[in-house]
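*Asks:*
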Amino acid sequence: MSKQKIYKEPLSMKKFLKILFSTLLVIILLIVIAAVVLPFVIDPNDFKPQITAQVEKATGRELTLGGDIKLSVFPWLGVDVKEVSLSNAPGFGKTPFAKVSDMEVRVKLMPLLEKHLVMDTVVLNGLDLNLARNAQGKTNWADLAAGESQQPPSEEETATEGKSPPPLAGIAIAGLKIEAARIDWRDEVKDVRYTIKKLNLDTDPLVPGEPTQIKLDFDFVASQPDVHGHLDFGGKVTADMEANHYLLQNTDLQLTAAGPALPIEQLALQLNADIDAFLAKQQLTVSDLKLTSQVKGEQEVQLTLNTSLEGNLAAQQYRLNDLQLETQVETPQFPEPVNATLATTASLDLNGETLALQDLSLATLGIKLKGQIKGAKILTDPKLKGQLVSNAFNPRHAAKALALELPPTGDKSALSKARLALKFSASPQDFDAKALAAKLDDSTLKGAVAVRNFQQPAIRFNLALDTINLDRYLPPPSEKTSQSPPPAPTSPGSAAAGAASLPLDALRALNASGTFKISELTVNGVHSEGIRITLAAKDGLVKLHPLSAKLYQGSYTGNIRLDARNTPPKLAIDEKLAGVKAGPLLQDLTGDGKITGTANINATLTATGATPKAIQRTLNGTAGFSFTDGAVKGINIARLIREAKATLEGKQLPPNREPEQTDFALLEGTIAATNGILRNNDLKAQSPFLRVQGQGTANLVQEDLDYQLKVAIVKTPKGQGGEGLAKLKGITIPIKISGTFTQPKYGIDLESLIKARAGKLIEENKQDIQKELEKKLDKLLGTESDQGNGETPSSPEQQLKEELKNKLKGIF
């Protein structure tokens, strides 16, 4: 029992063309038969009904012969038919499936007697072919194939099956000429429409195995993508069907395209090549291949590809020899056109899914890259690996050619030399650079960098930099900045408004971990070495730990944690400086080593916020510091004290020739930070002649100082300011520090100093003062003691005198 087929595989284009030409051949043969017989007996137009009936029987379609049928017999057996159309399949509308305005076919009569088919040029004028597929996936030519395949063969056909007609000794066609043809394809499944119109085809004589010149041109319109354009094709075709050998020589294909779907104004392509397809041997050779492309729009791009191809179709192996790709980009942003050249020899194995680019060379902007690239699983899971090495090039020249404005640098010779070398592996999702060696000016970076998952990049690195002076790349200080006075303090609001915020979105998306080492680093004048930075960042949590460096005969260690998972972000810092020479450090950092000596500093701090001012306002924690065998520059406490003393004594000091500094053997203390206010209550400093204690605050937000020093002078005949201060020995001298961070003010509390000085003088001379007052009292009361006399009775005056003396003793 037969089973009805529920689904039929869509017809291939090859089978469709076979059906189409078979249909046309049936029509032509019927017309030719009519042309041979009917001219001698009757007018062929009288048999139009019979012709259309036979076509309908063979195809199931209605044939319309709108014009007259003209016949010729000798020497050409021909037919000329006008306004021929074939109806569409049911359900596809009334538009004809195909129609021809004029069709001419002529065959020489005498050669037919010798089994030679010699045809004149076949002319089709105004061909209009409408192809379609409905929403159910059925095409408007499927019924033609179905009718041909479903009709059971007749007994006569069965009887004659296997008996082929005698073959022709030769076929020769003077040519094929198609004018003003139109082909339309509508696909309701994909909702697309493609139209070829104004198609013209003109060929030289068509003789099997002989070269034939072909000219073809047409316009095209597409709905998806929305593109329209024009195509011209010319070339010499040789088709040896028996040997299955085809040649296409002097090929010249030109294509122009434009439309809203293209991101450019117009695309122009031209292809020239000689193609040898020996299908019997599964060999393909393309020589002198040249592809030229021109893109017009805001950017004009010209591309030229030259190569030759050798292919084994059976093994799916291809080789592009001496491939050279030249490009030129011209845009208003570039001062001059930018040129680039790529050269390589490429091998492609589609069965093995391998690719090899050998002797790869890329040159552009003065940069020349050389190397090799190999690919595996290029069709299923592409993976590439290779190595690239560049020449020494000038980044400034490359940036200038691309109209990129580099930031100003302190060293004008910076960014003038670079070189790159690496081995890498890559896939559509990953990139891994191994054996990376990048050189910039006098610095060399080595190591490895890997990026996993380009959609959500995870970066891993292990890099080492030999030496770099970042000051060469920082903006130079302008004359205005260097000559102008320090800027006035800004309000907290305006300062915060002008502060840059942390890139929270970027930090939350950052997934990176690795180690970065720097052998020698200079930045802002500060020199350090042996720097090690370890980064771990994921989901907004950024950790820099451990951090370490050696600087100024000491060391630095740190642990920094930034938690940006929530808003506002939280910052935690734990840092230590040990054995650092503070003078050279501050001198290099600020140009003014205000504190010298060996420094030991530790700080454990936390803050909340995304701007510098927000961090300052929320800074909390503790810190400790100690400096040994150093000096505080900018303030000479000894000089301040002597000036105050001279003021009290009404004297004037000689010109100051002493350095503005205060020496100390030890300076130490602790700091407590509370919401941006730093408080110190235990400052201690010792010097050869001074003992200093201090307490006060520094407001990071307001940038102002409120600090009090208590200076005690110790006995020292030598040393800084020791001379002339002996009279102030033992007195605690208050010194007030106020002002701002950039413009601090120093001053002695004279009132307190006068009181302290007076008290010291009275204490040192109280006995002499008492005796002098007693003498003055005796003289005033007239009760001077009679020395050598015995005791005498007390008089009222004497009693008053004794009572006053006792009161004076109480005072002193």
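Per the numbering used here, the sequence shown starts with residue 51, numbered consecutively. Glycine included, C-beta positions come from ideal geometry on N, C-alpha and C.
1) Am I right that GLN378 and GLN352 are in contact with their C-beta atoms under 8 Å? What's the rounded C-beta distance?
2) For PRO634, would you say it is in contact with chain B, using Cβ-to-Cβ distances shorter than 8 Å as the test?
3) How many Å lie between SER199 and TRP191 at the Cα?
4) Report the CB separation of PHE675 from GLY647 in whole angstroms; it is logged as a contact under 8 Å.
5) Cβ-heavy atom distance between LEU454 and the ligand SAH below 7 Å?
6) So, using beta-carbon positions, are THR394 and LEU410 closer together than 8 Å?
7) To the nearest angstrom, how far is the alpha carbon of THR155 from that of ALA185?
8) Apart from the five residues just before and just after GLN263, which ones in its own chain have a Cβ nearer than 6 Å to its Cβ?
9) Please state the DSSP three-state secondary structure of ARG522.
10) Look at the Cβ atom of ALA653, then the Cβ atom of GLY629, and state whether they are nearer than 8 Å.
11) So who's on the other strand from TYR244, going by DSSP bridges?
12) When we look at the beta-carbon of LYS663 and count the other beta-carbons within 10 Å, is it buried (16 or more) or exposed?
13) For PHE644, which of helix, strand or coil comes out of DSSP?
14) Pull up the DSSP beta-bridge partners for ILE101, would you.
15) Relative to the C-alpha of LEU554, which residue among ALA660, PRO445 and LEU312 is closest?
16) Does the distance from the CB of ALA330 to the CB of ALA293 come in under 8 Å?
17) Identify whether GLU229 lies in helix, strand or coil by the three-state DSSP scheme.
18) Roughly how many angstroms lie between the CA atoms of PHE268 and ASP282, to the nearest whole one?
19) Can you confirm whether the stretch 597 to 613 touches the stretch 569 to 583 when touching is taken to mean that 3 or more C-beta pairs between the two stretches lie within less than 8 Å?
20) Rounded to a whole number of angstroms, what is the C-alpha to C-alpha distance between LYS600 and SER569?
21) So what's ASP491 in DSSP terms, helix, strand or just coil?
22) With distance defined between alpha-carbon atoms, name the residue in THR617, ILE785, LEU266 and PHE714 nearest to LEU690.
23) The alpha helix (DSSP H) with PRO662 in it runs from where to where?
24) Rounded to the nearest angstrom, what separates ALA272 and HIS280 at their Cα positions?
25) Provide the residue(s) that pair with LYS340 in DSSP beta bridges, ordered along the chain.
26) Can you have a look at MET291 and say buried or exposed, based on whether 16 or more other CB atoms are within 10 angstroms of its CB?
27) Starting from the C-beta of LYS240, find all residues in its chain whose C-beta is less than 8 Å away, skip the five residues before and the five after it, and write them out in chain order.
28) Start and end of the beta strand (DSSP E) containing ALA364?
29) Please classify GLN100 as buried or exposed, where buried requires at least 16 other C-beta atoms within 10 Å of its C-beta.
30) In three-state terms, what does DSSP make of ALA628?
31) Measure the C-alpha to C-alpha separation of ASN749 and ASN730 and round it to an integer number of angstroms.
32) Considering only the alpha carbon of each residue, which of LEU465, SER466, PHE504 and ASN512 lies closest to ALA487?
33) Who are the near neighbours of ASP638 in its chain, counting only those whose CB is closer than 7 Å to its CB and skipping five residues on each side?
34) Using the three-state DSSP reduction, which class does GLY789 fall into: helix, strand or coil?
35) Do SER737 and ASP713 have their C-beta atoms closer together than 8 Å?
36) By the DSSP assignment, the alpha helix (DSSP H) with PRO709 in it spans what residues?
*Replies:* The relevant details are as follows:
1) Their Cβ separation, rounded to whole angstroms, is 5 Å, which keeps GLN378 and GLN352 in contact under 8 Å.
2) Structure shown: chain B not included; a single protein chain is present.
3) Since pLDDT at SER199 reaches only 48, below the 50 mark, its modelled position is unreliable, and the value read off the structure follows with that caveat. Roughly 13 Å separates the two Cα atoms.
4) At roughly 11 Å, the Cβ-Cβ gap does not stay under 8 Å, so PHE675 and GLY647 are not in contact.
5) For the structure depicted, the ligand SAH is absent and the ligand set is empty, with no information on it obtainable.
6) Annotated as proximal: THR394 and LEU410, with beta-carbon spacing under 8 Å.
7) Per the sequence shown, the amino acid found at residue 155 is Val instead of Thr. Rounded to the nearest angstrom, the gap between the Cα atoms of VAL155 and ALA185 is 38 Å.
8) Here the set comprises ASP254 and LYS286.
9) In the three-state reduction of the DSSP assignment, ARG522 falls in the helix class.
10) No. Outside cutoff.
11) TRP235 and ALA272.
12) Buried is the call here.
13) Note that residue 644 corresponds to Lys in the displayed sequence, not to Phe. Looking at LYS644 - three-state DSSP - the assignment turns out to be coil, as it is neither helix nor strand.
14) Beta-bridge analysis with DSSP links ILE101 to no other residue.
15) Among ALA660, PRO445 and LEU312, the Cα nearest to that of LEU554 is on ALA660.
16) Yes, they are a contact pair.
17) Strand, per DSSP.
18) Each residue's CA atom was taken as its position, placing PHE268 and ASP282 some 7 Å apart.
19) Touching, per the Cβ criterion.
20) About 10 Å.
21) In the displayed model, ASP491 falls within coil according to three-state DSSP, outside both helix and strand.
22) When THR617, ILE785, LEU266 and PHE714 are compared, the shortest CA-CA separation from LEU690 is found for ILE785.
23) For PRO662, the uninterrupted alpha helix (DSSP H) run begins and ends at 662 to 667, by DSSP.
24) In this model, ALA272 and HIS280 are separated by some 12 Å (Cα to Cα).
25) DSSP lists ASN322 and ASN356 as the bridge partner or partners of LYS340.
26) Around the C-beta of MET291, fewer than 16 other C-beta atoms lie within 10 Å, and the residue is accordingly described as exposed.
27) For LYS240, the CB contacts under 8 Å within the same chain, skipping 5 residues up- and downstream, are GLN274 in chain order.
28) Taken as a continuous stretch (DSSP letters only), ALA364 belongs to no beta strand (DSSP E), as it is neither H nor E.
29) So GLN100 ends up on the exposed side.
30) The DSSP-derived three-state label of ALA628 is strand.
31) Taken atom to atom, the span from the alpha-carbon of ASN749 to that of ASN730 is near 12 Å.
32) For the residues LEU465, SER466, PHE504 and ASN512, the minimum Cα distance to ALA487 belongs to ASN512.
33) Result list for ASP638: GLY575, VAL576 and HIS577, in chain order.
34) Strand.
35) Yes, the pair counts as a contact, with Cβ atoms nearer than the cut-off.
36) Run containing PRO709: none; DSSP gives neither H nor E here.
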